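Undergrad: Have a look at this one.
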């Protein structure tokens, strides 16, 4: 059974038809990538999944429960790290614990246990502006993880990093998700990134977004052929060359 | 050599000041201007030293009024800023009036307030609050609006209460703007105290200056001006220190 199910989601924002009957599922421990052109409504989809905005139609089901228009189950991470400049890294990543009612000292202790795995050991008392882009994104990821360790929603999390750092982060994330069997919903417009991370890819159309194709990637999948397939789907749909 | 140039750059304003004072000193003696029209800087300094006890007495009153007024203005600005930011109805109902209230000539209020509240300290403090409140509340409100909406959404997604979001996200974001408003108000506070004392008081630097001016002791008037400048400068520096202490994450950006 799917751990996360977005069923038949439709949404218009300010009269603009953004999502058109989108159904997406993710099984526990699966990495699902939502791939689509920029501005196609991927972020709106994640906002609906996080419960920040209600869909016009459709439902959000997580672990068999209806989480439509309800926050507090999953948090998400964006291209922007959204770390608070006023707090040290340790205090930033322990925010979700504090918000859940854990006292500050205990939250810090709990967060501290993860600093090494996220490559932040020794930087606990630094402020965000003192850290590199990659480290800030790892801190943001740790914050997301500490909110809900079983499901991570990631909205183009590495898009602002340079190619080399982004590549390192992708590989690190893949190992991490595998080790902790996290369910990941990963939004991107980067086909290479999608191919590296996904167990399954949903290819979305330009706005109003609908699912053009669902591609399962097992170990035998030939990534070059899958890439060709995705490109041809996107080309035929938009009439433009996708890059 | 580089160090020397840096020190020279930093103290170049002091050098300009020294040059101007020298010109003033020499000008006064060259044109033989009498002290009851324009005393020389050295005469002002003389006066300051001679009457320092009297000056300290009046300065303490002015300083007390300014600090009390400014503190009240800060508390009021924080409360009203918080309310206006969180209640849009209140914002639309009150904000235009707040701006409009700044068009009332302050000197008239300074004259009228003693009629209603007597000649004591209270009307002075009211004037100072009125003067200092506005820059703080406006910059505080602007600062609160600087928060990234995505940041608010993130906190919402984590199930944060409105108060938690305000405390953890909005307040720290608004602090730099709040302090730039407070910095302006700190310089106004001494000035506002002096003006309200000038209009009518029993003690304070403003009162002292009216007395001395009537007896043509211009060196004493200008001596009081020096004290006022120094006090205003100290007030600003205290605000800068608070800024430094309250925003450790901003520290190396504060170096000027």
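Residue numbers (this note's numbering), protein chains in the order written: chain P, 1 to 243; chain C, 1 to 256. Positions of the beta carbon are idealized from the N, C-alpha and C atoms, including for glycine. Values in this document were obtained by computation on a predicted structure and should not be read as measured data.
Excluding the 5 residues flanking residue 41 of chain C on each side, which residues of the same chain have their C-beta closer than 8 Å to its C-beta?
TA: 21, 24 and 25
Undergrad: Chain P beta carbons: is any one of them nearer than 8 Å to that of residue 249 of chain C?
TA: yes
Undergrad: Do residue 209 of chain P and residue 32 of chain P have their beta-carbon atoms positioned less than 8 Å apart in this structure?
TA: no
Undergrad: Just mark residue 47 of chain C as buried or exposed, buried being the case when its beta carbon has 16 or more other beta carbons within 10 Å.
TA: buried
Undergrad: Across the stretch 7 to 17 of chain C and the stretch 222 to 238 of chain P, are there enough close Cβ pairs to call them in contact, namely three or more that are closer than 8 Å?
TA: no
Undergrad: Can you look up residue 31 of chain P in the DSSP assignment and give me helix, strand or coil?
TA: strand
Undergrad: Between which residues of its own chain and residue 20 of chain P is the CB-CB distance below 7 Å, once the five residues before and five after are set aside?
TA: Same-chain partners within the cutoff: 10, 208, 209 and 210.
Undergrad: According to DSSP, residue 208 of chain C sits in a beta bridge with which residue or residues?
TA: Its beta-bridge partners do not exist; DSSP assigns none.
Undergrad: Can you confirm whether residue 139 of chain C, when its beta carbon is compared against all beta carbons of chain P, has any partner nearer than 8 Å?
TA: no
Undergrad: Would you report the Cα separation of residue 135 of chain C and residue 133 of chain P, rounded to the nearest angstrom?
TA: 36 Å
Undergrad: To the nearest whole angstrom, what separates the beta carbons of residue 169 of chain C and residue 178 of chain C, a pair I think is in contact under 8 Å?
TA: That pair is no contact at about 15 Å.
Undergrad: On the CB-based measure, 16 or more other CB atoms within 10 Å of its CB, does residue 49 of chain C come out buried or exposed?
TA: By the 10 Å Cβ count, residue 49 of chain C comes out exposed.
Undergrad: Taking C-beta to C-beta, are residue 44 of chain P and residue 71 of chain P nearer than 8 Å?
TA: no
Undergrad: When the Cα atoms are used, what is the spatial distance from residue 62 of chain C to residue 45 of chain C?
TA: Their backbone Cα atoms lie some 21 Å apart in a straight line.
Undergrad: Assuming residue 265 of chain C is part of the beta strand (DSSP E), what are its boundary residues?
TA: Nothing about residue 265 of chain C can be read from this structure; chain C reaches only from 1 to 256.
Undergrad: Using a Cβ-Cβ cut-off of less than 9 Å, list which residues of the stretch 140 to 173 of chain C approach chain P; keep chain order.
TA: 148, 150, 151, 153, 154, 155, 156, 157, 158, 159, 160, 161, 164, 168, 169, 171, 172 and 173
Undergrad: Compare the beta carbon distance of residue 148 of chain P and residue 94 of chain P with 8 Å and say whether it is the shorter of the two.
TA: Between residue 148 of chain P and residue 94 of chain P, the CB-CB gap reaches or exceeds 8 Å.
Undergrad: Over the uninterrupted beta strand (DSSP E) stretch that includes residue 11 of chain P, give me the two end residues.
TA: 2 to 13
Undergrad: Between C/174, C/223, C/207 and C/213, which lies nearest to residue 85 of chain C when the distance is taken from Cα to Cα?
TA: C/174
Undergrad: Hey, is residue 42 of chain P close to the ligand SAM, as in C-beta under 7 Å from one of its heavy atoms?
TA: Within the structure as shown, the ligand SAM is missing, as the structure has no ligands at all.
Undergrad: Find the residues of chain C that neighbour residue 80 of chain P, judging by a C-beta separation of less than 7 Å, and give them in chain order.
TA: 150
Undergrad: Which complete beta strand (DSSP E) runs does the stretch 151 to 238 of chain P hold, if anything under 3 residues is left out?
TA: As far as the stretch 151 to 238 of chain P is concerned, its whole beta strand (DSSP E) runs of at least 3 residues are 151 to 155, 183 to 188, 200 to 204 and 211 to 216.
Undergrad: Check whether chain C comes within 8 Å of residue 75 of chain P, counting only Cβ atoms and requiring the distance to be less than that.
TA: yes
Undergrad: Please tell me whether residue 50 of chain P has its Cβ less than 8 Å away from any Cβ of chain C.
TA: yes
Undergrad: Please state if the CB of residue 155 of chain P and the CB of residue 183 of chain P are separated by a distance shorter than 8 Å.
TA: Between residue 183 of chain P and residue 155 of chain P, the C-beta gap is not smaller than 8 Å, which leaves the two residues out of contact.
Undergrad: For a contact meaning CB atoms closer than 7 Å, what does residue 127 of chain P contact in chain C?
TA: 249, listed in chain order.
Undergrad: Any Cβ of chain C within less than 8 Å of the Cβ of residue 68 of chain P?
TA: no
Undergrad: Going by the beta-carbon positions, is the gap between residue 228 of chain C and residue 211 of chain C smaller than 8 Å?
TA: no
Undergrad: Do residue 125 of chain P and residue 88 of chain P have their CB atoms nearer than 8 Å?
TA: yes
Undergrad: Should residue 81 of chain P be labelled buried (16 or more other beta-carbon atoms within 10 Å of its own) or exposed?
TA: buried
Undergrad: Anyone know if the C-beta pair for residue 185 of chain P and residue 4 of chain P falls short of 8 Å?
TA: yes
Undergrad: Contact defined as beta carbons within less than 8 Å: I believe residue 104 of chain C pairs with residue 193 of chain C. What is the distance between those atoms, to the nearest angstrom?
TA: With a Cβ gap of about 18 Å, residue 104 of chain C and residue 193 of chain C do not count as contacting.
Undergrad: Could you tell me whether the stretch 57 to 75 of chain C touches the stretch 184 to 193 of chain C, using the rule of 3 or more Cβ pairs below 8 Å?
TA: yes
Undergrad: Using a C-beta cutoff of 8 Å, does residue 54 of chain P count as contacting chain C?
TA: no
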